[in-house]
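2 protein chains.
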Amino acid sequence: MFDPTPILSGDRRALARLLTHIENAETDAPEALAVLFPRTGRAHVIGVTGAPGCGKSSLVNALAKTIRGTGRTVAVIAVDPSSPFTGGALLGDRLRMRDLAGDPGVFIRSMASRGALGGLAEATADMVTALDAAGFEAILIETVGAGQAEVDIASTAHTVLVIEAPGLGDDVQASKAGILEIADVLVVNKADQPNAENTVRALRASLDMASDPEPLEWQTPIVSTVAIDGRGVDDLAAAIRQHRDYLESSGRLLRRERERLHHELTARLRDLLLEKLKARLSDGHFDATVDKMVARELDPWNAARQLARGA
Amino acid sequence: MFDPTPILSGDRRALARLLTHIENAETDAPEALAVLFPRTGRAHVIGVTGAPGCGKSSLVNALAKTIRGTGRTVAVIAVDPSSPFTGGALLGDRLRMRDLAGDPGVFIRSMASRGALGGLAEATADMVTALDAAGFEAILIETVGAGQAEVDIASTAHTVLVIEAPGLGDDVQASKAGILEIADVLVVNKADQPNAENTVRALRASLDMASDPEPLEWQTPIVSTVAIDGRGVDDLAAAIRQHRDYLESSGRLLRRERERLHHELTARLRDLLLEKLKARLSDGHFDATVDKMVARELDPWNAARQLARGA
């Protein structure tokens with residue numbers, strides 16, 4: 002039986018160990034998370050996303066320092082689907098740790114492993130559970146890139162920051178990235194660059210174009226920052242706080258939490274049902290079915306139906 | 002009963018209609034795909050990925066023209082998780098279509114909708130099935146960004162191109178992106194820029210650092226291109242062809258196909274089992290379980306176990 006006391010009382014090594022078990026999908030992680038789950042629900046989960054080159058890591062670093070400066074504890078999860086061989090996550094950690102190391106109110110963790118499909122998103126959600134139970138009041142999730150990662154972050158975080166930088170936005174693809182829709186706060190980092198005002202203006206125009214079907218109770222702010230010298234980071238922390246207040250006062254926090262847990266239950270159930278079915282199938286039955294698919298004797302839909310009948 | 006004849010005989014409107022049904026996850030799509038599936042397995046599926054600003058769309062356009070010029074038919078799926086309001090996908094289509102419109106041997110499709118978790122990846126795989134059955138010999142999948150999208154593309158495509166551009170690679174994050182690992186062919190686009198040689202050199206160094214556990218039967222080539230004037234695109238098409246030959250002669254094509262179908266069967270089965278369980282649960286049972294989770298009376302793991310017991 003998993004003893005939650007060390008983690009609940011701030012033992013960082015116990016926490017780090019659990020995070021490793023989560024990352025490696027070890028079989029004891031779910032039990033530990035189940036025990037910790039009742040102690041969760043207090044953290045403010047903040048997703049941070051943006052294209053490579055926008056200065057995301059520096060900004061997360063600066064933001065963590067600023068939030069910590071207000072007395073709140075902060076955890077950072079850097080979701081980085083890089084391979085171990087680039088050493089990227091380790092390097093990133095070192096860069097970030099330089100400023101924040103040694104403070105027990107700060108916890109930083111990189112996930113370097115390239116998970117299976119959906120694996121990173123699930124591991125991230127589990128790490129949030131562990132860090133929330135451990136008492137971290139703000140949890141920053143930093144994700145690389147565009148696309149599915151952003152859909153995932155939007156379903157895990159309460160507040161989503163989308164970072165842009167001048168010069169990255171002048172491509173058709175950048176404006177296509179469609180990330181404005183999930184942004185609760187837009188950030189133009191590297192705002193000391195000469196063309197930063199154009200980026201702000203372009204983002205403002207895109208936001209104005211957005212015809213939100215719901216009445217706009219929350220006006221997405223655009224905050225300009227210079228992460229490397231800390232300019233604007235106080236404003237950003239304030240905007241994040243305002244979004245949290247808005248979520249609470251409007252009842253949306255509860256709605257987001259409900260959606261998040263609905264989503265999580267669905268994911269767990271899907272995995273569990275597959276696992277139970279596989280345990281019941283005879284050895285080689287699954288592989289034999291794949292063989293028939295490879296030979297084009299059976300299509301994936303009927304193959305799934307045949308296997309599910311055994312459930 | 003779905004009649005596959007129009008699609009198999011080259012009716013573009015029938016094909017477009019099916020792709021729309023796939024994108025909207027309409028309930029008749031699986032049956033149609035099941036009927037078409039035995040006619041698949043001939044297309045060369047090529048994934049194209051890279052950060053915004055690398056000129057990916059222009060390169061895909063140029064590559065499609067070059068492949069078409071060798072007499073082969075080409076389809077392009079642009080997986081673009083942008084929202085409809087930016088109009089990004091439509092604009093991208095228009096830019097691309099200008100050169101390729103009117104040729105029945107070319108088919109271009111954008112997916113603009115932001116799917117549910119895993120939704121885009123599944124819809125992409127289904128579109129590949131439809132286009133393969135329709136007889137397209139090369140299928141290019143263009144994805145935006147880094148992260149999960151690249152994991153997905155690696156599991157769907159036979160050959161993965163990773164595009165870099167000079168100046169985008171000088172950030173810690175760019176080298177962290179970890180996309181080298183999934184690249185079968187590396188492309189440095191915008192190779193007419195003065196610092197292009199540095200990018201090639203940096204990529205070469207990263208590749209050399211990679212300690213591949215398997216003996217390197219395939220040496221990832223680095224191809225320099227200038228998509229907007231077509232320079233290097235012939236070399237790129239040749240490298241893609243060589244990779245296909247390598248996959249065939251080494252037996253890896255069959256292995257990739259087996260993994261792909263294993264993966265697809267798992268995904269179908271997972272969805273089907275969940276669907277069957279939900280059909281058996283009484284109204285409101287699932288929601289009541291989520292309510293208990295919101296109240297922290299029940300954790301997601303035990304919640305899933307309780308619901309699965311009803312299966």
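Chains D and G, in that order, give the protein sequences. Using the working numbering, you'd call the opening residue of the first sequence number 2 and step up by one each time. Using the working numbering, you'd call the opening residue of the second sequence number 2 and step up by one each time. Even glycine gets a Cβ: it sits at the ideal position worked out from N, Cα and C. The structure presented is a predicted model; accordingly, all values stated were derived computationally and were not measured.
Determine whether the Cβ of S38 of chain G lies closer than 8 Å to any Cβ atom of chain D. According to the sequence shown, residue 38 of chain G is Phe rather than Ser. Judged by the 8 Å Cβ criterion, F38 of chain G is in contact with chain D.
Report the rounded CA-to-CA distance for D209 of chain D versus D133 of chain G, giving the unit in angstroms. 41 Å
For chain G, check one thing: does any of its Cβ atoms lie closer than 8 Å to the Cβ of N62 of chain D? no
For a test of the three-state rule: what should DSSP assign to R110 of chain D, helix, strand or coil? strand
A206 of chain G burial status per 10 Å Cβ neighbour count (16 or more: buried): exposed
Name the residue from G:L270, G:W302, G:G120 and G:I68 whose alpha carbon lies nearest to the alpha carbon of D300 of chain D. G:L270
Can you tell me whether R232 of chain D is helix, strand or coil according to DSSP? strand
Expressed to the nearest angstrom, what Euclidean distance is found between the alpha-carbon atoms of A240 of chain D and G285 of chain D? 55 Å
Looking at the secondary structure, which residues open and close the beta strand (DSSP E) in which T160 of chain G lies? T160 to E165
Would you identify the three-state DSSP class for G120 of chain G, choosing helix, strand or coil? helix
Quick test of the definition: if touching needs 3 or more C-beta pairs under 8 Å, does the region 241-254 of chain D touch the region 154-163 of chain D? yes
Output the distance between the C-alpha atoms of L16 of chain D and A122 of chain D, rounded to the nearest integer angstrom. 19 Å
Would you check whether the ligand FMN has a heavy atom nearer than 7 Å to the C-beta of E298 of chain G? Annotation note on the ligand FMN: not contained in the displayed structure, which lists no ligands.
With a Cβ-Cβ cutoff of 8 Å, do A280 of chain D and L273 of chain G count as a contact? no
If you draw a straight line from the alpha carbon of D235 of chain D to that of A126 of chain G, how long is it in whole angstroms? 45 Å
Cβ-based burial, S283 of chain G [other Cβ within 10 Å; buried from 16]: exposed
Along chain G, which residues have their Cβ under 8 Å away from the Cβ of L273 of chain D? A305, R306 and A309
N- and C-terminal bounds of the beta strand (DSSP E) containing G79 of chain G: One point to set straight first is that residue 79 of chain G is Ala, not Gly, in the sequence displayed. It spans V75 to V80 - the beta strand (DSSP E) in which A79 of chain G sits, taken as one unbroken run.
I'd like to check one pair, V77 of chain D with E143 of chain D: are the Cβ atoms closer than 8 Å? yes
Below 8 Å between beta carbons: does that hold for L37 of chain G and T226 of chain G? no
Please report how far the alpha carbon of R202 of chain G lies from the alpha carbon of A296 of chain D, in whole angstroms. 43 Å
Excluding the 5 residues preceding and the 5 following F86 of chain G in the sequence, name in chain order all residues of the same chain whose CB lies nearer than 7 Å to its CB. A caution first: F86 of chain G carries a pLDDT of 32, below 50, which makes its placement in the model too unreliable to give a value.
Does the distance from the CB of L187 of chain D to the CB of I223 of chain D come in under 8 Å? yes
Return yes when the Cβ of V75 of chain G is within less than 8 Å of the Cβ of G42 of chain G, no when it is not. no
Drop a sphere of 10 angstroms on the beta-carbon of D104 of chain D, count the other beta-carbons inside from all chains shown, and report buried for 16 or more, exposed for fewer. exposed
Indicate the three-state DSSP secondary structure (helix, strand or coil) for R18 of chain D in the structure shown. helix
Do W302 of chain D and P31 of chain G have their C-beta atoms closer together than 8 Å? yes
Just the C-alpha distance for M112 of chain G and A124 of chain G, rounded to the nearest angstrom, thanks. 9 Å
Within-8 Å CB hit, M2 of chain G to chain D: no
Taking I223 of chain G as part of the beta strand (DSSP E), name the residues at either end of that continuous run. I223 to S225
Local Cβ density within 10 Å of L19 of chain G, reported as buried at 16 or more and exposed below that: buried
For a contact defined as C-beta to C-beta under 8 Å, what are the partners of L262 of chain D on chain G? V291, M294, V295 and P301
Cα separation between F137 of chain D and Q307 of chain G? 30 Å
For L118 of chain D, which residues in the same chain have their Cβ closer than 7 Å to its Cβ, ignoring the five residues on either side in sequence? In this prediction, L118 of chain D has a pLDDT of 40, which is less than 50 and means its spatial position is unreliable; nothing more can be read from the coordinates.
What's the gap between the Cα of A79 of chain D and the Cα of P7 of chain G? 49 Å
Cβ closer than 9 Å: which chain D residues qualify as neighbours of G42 of chain G? V295 and R297
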